[in-house]
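Asks: Residue numbers (the numbering used here): 4 to 348.
1) Among 26, 45 and 46, which one has its Cα closest to the Cα of residue 37?
2) Whole-angstrom Cβ separation of residue 145 and residue 130, contact assumed at under 8 Å?
3) Would you mind stating whether residue 198 and residue 179 have Cβ atoms separated by less than 7 Å?
4) Would you kindly work out how many angstroms separate the C-alpha atoms of residue 3 and residue 30, rounded to a whole number?
5) Out of curiosity, what's the CA-to-CA distance linking residue 110 and residue 68?
6) In the DSSP output, which residue or residues are listed as bridge partners for residue 137?
7) Going along the chain, which residues of its own chain have a beta-carbon closer than 7 Å to the beta-carbon of residue 239, five neighbours each way excluded?
8) If you count every other CB in all the chains shown that lies within 10 Å of the CB of residue 32, and 16 or more means buried, which is it?
9) For residue 12, which of helix, strand or coil comes out of DSSP?
10) If distances are taken between C-alpha atoms only, which option among 213, 138, 20 and 104 comes closest to residue 318?
11) Taking one C-beta from the stretch 145 to 160 and one from the stretch 44 to 51 each time, how about it: are there three or more such pairs within less than 8 Å?
12) Going straight from the alpha carbon of residue 143 to that of residue 233, what length do you get?
13) To the nearest angstrom, how far is the alpha carbon of residue 90 from that of residue 78?
14) Can you give me the Cβ contacts of residue 175 inside the same chain, cut-off strictly under 6 Å, excluding the 5 residues immediately before and after it?
15) Compare the Cα-Cα distances from residue 171 to each of 307, 140 and 200 and report the closest residue.
16) Excluding the five sequence neighbours on either side, which residues of its own chain have a C-beta within less than 8 Å of the C-beta of residue 295, listed in chain order?
17) Would you report the Cα separation of residue 260 and residue 237, rounded to the nearest angstrom?
18) Cα separation between residue 118 and residue 182?
19) What are the boundary residues of the alpha helix (DSSP H) that includes residue 282?
20) Can you tell me whether residue 166 is helix, strand or coil according to DSSP?
21) Nearest-angstrom Cα distance between residue 19 and residue 190?
22) Tell me the DSSP bridge mates of residue 325?
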């Protein structure tokens, strides 16, 4: 297993999957050699600085015997996360790592598996022919990756994707999900589950990346329908019909539908559902209101309808979402930690 890194790489993109594979080595008690030889390489070797400032010791690319590489994993970098990133910025970032990209490209056909973690997908796509392949990346970089590499199929809500020899993960900690999937591929699902238990993580994490995304990424506060959107946010509990929305902007129903889709890229119904989902998420995170009440106040009408939307859009139920992200859940965790610290101090 060879990890390819560079200055500015995201530390957890390396250490997350590296630790998962290291745990697999420690737990593989067959009397024979450990299943994985783990190596970390960079263009010149030596210390490589991560985005958080911590340096990692690496070997130079020239030190690796190509015939020994079974799986090549490319870590992500912080540069592709910047809000100002565009295709020109990505091209410049890739060009700054041209030697690494060339090295990956020359070895892609020789290795059994080639992988990327998070925004490492940009370097992977630059190095390897991925036309028609399905891949994953961090949710904030999905659109940018699609723009830079239009022939690639970017899966928006997957924690990891396996398409033939290509394995890619979503954002940051999803690299651990990817590593566990590699362990399962090599050593079986039962062993991968044991590794996950020791790491105190899900072997198959429920839901996808969307449960962690910033609500309503589309800039609905701007544009021709900004006032309508502001009104909608305040009236989500009402029975919102397309005819009534069209009347509010002085359009016929047909003209409104055509103009709205052209301006926003979605139907009014999809916008209303997204707004209701956002409102419900915030209520579940910040209040103690019963799920039934949240469903009613955000316009879903009943708990079952809200549950279906949560499952379809986020991959989890409202109750599960609250258990993970509510302020109460964080307080409970903090309280348990303090009690434990008091006992051992």
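We put the beta carbon where it would ideally sit given N, CA and C, even for glycine.
Replies: According to the structure data:
1) Counting from one through the chain shown, the residue named residue 37 turns up at place 34. The candidate whose alpha carbon is nearest that of residue 37 is 26.
2) Indexing the chain shown from 1 puts residue 145 at position 142. Indexing the chain shown from 1 puts residue 130 at position 127. Wrong, their Cβ atoms sit about 20 Å apart, outside the cutoff.
3) For the purposes of this step, residue 198 is identified with residue 195 of the chain shown, where counting begins at 1. For the purposes of this step, residue 179 is identified with residue 176 of the chain shown, where counting begins at 1. Result no, Cβ atoms of residue 198 and residue 179 do not sit closer than 7 Å.
4) Since the first and last residues shown for the chain are 4 and 348, residue 3 lies out of range.
5) Within the chain shown, numbered from 1, the residue matching residue 110 stands at position 107. Within the chain shown, numbered from 1, the residue matching residue 68 stands at position 65. If I take the Cα positions, the gap works out to 11 Å.
6) The residue given as residue 137 occupies position 134 in the chain shown. Residue 137 pairs with 156.
7) Residue numbering aside, residue 239 sits at position 236 when the chain shown is read from its first letter. The beta carbon of residue 239 sits closer than 7 Å to those of 278, 279, 282, 301 and 302, all from its chain and outside the five residues before and after it, given in chain order.
8) Translated into the one-based positions of the chain shown, residue 32 becomes position 29. Label assigned to residue 32: exposed.
9) If you number the chain shown from 1, residue 12 lands on position 9. Residue 12 falls in the strand class under three-state DSSP.
10) Taking the first residue of the chain shown as 1, we reach residue 318 at position 315. Considering only alpha carbons, the answer is 213.
11) Because the criterion of three Cβ pairs below 8 Å is not met, the stretch 145 to 160 and the stretch 44 to 51 do not touch.
12) Residue mapping note: residue 143 aligns to position 140 of the chain shown, counting from 1. Residue mapping note: residue 233 aligns to position 230 of the chain shown, counting from 1. One Cα belongs to residue 143, the other to residue 233, and the distance between them is close to 24 Å.
13) Position 87 of the chain shown holds residue 90. Position 75 of the chain shown holds residue 78. Approximately 20 Å, taken between the alpha carbons.
14) The residue given as residue 175 occupies position 172 in the chain shown. Here the set comprises 15 and 121.
15) Translated into positions along the chain shown, residue 171 becomes position 168. Taking residue 171 as reference, the option from 307, 140 and 200 with the minimal CA-CA separation is 140.
16) Position 292 of the chain shown, counting from 1, holds the residue named residue 295. Excluding sequence neighbours, residue 295 sits near 305 and 306.
17) Within the chain shown, the letter at position 257 stands for residue 260. Within the chain shown, the letter at position 234 stands for residue 237. Each residue's Cα considered, the two are about 21 Å apart.
18) Reading the chain shown from its first residue, position 115 is the one you call residue 118. Reading the chain shown from its first residue, position 179 is the one you call residue 182. In a straight line, the C-alpha of residue 118 is about 10 Å away from that of residue 182.
19) Indexing the chain shown from 1 puts residue 282 at position 279. Membership of residue 282 in the alpha helix (DSSP H) is indicated by the continuous run 271 to 289.
20) The residue labelled residue 166 in the question sits at position 163 within the chain shown. In this structure, residue 166 counts as strand in the three-state DSSP scheme.
21) If you number the chain shown from 1, residue 19 lands on position 16. If you number the chain shown from 1, residue 190 lands on position 187. Approximately 19 Å, taken between the alpha carbons.
22) Position 322 of the chain shown, counting from 1, holds the residue named residue 325. In the DSSP output, where bridge partners are listed per residue, residue 325 has none listed.
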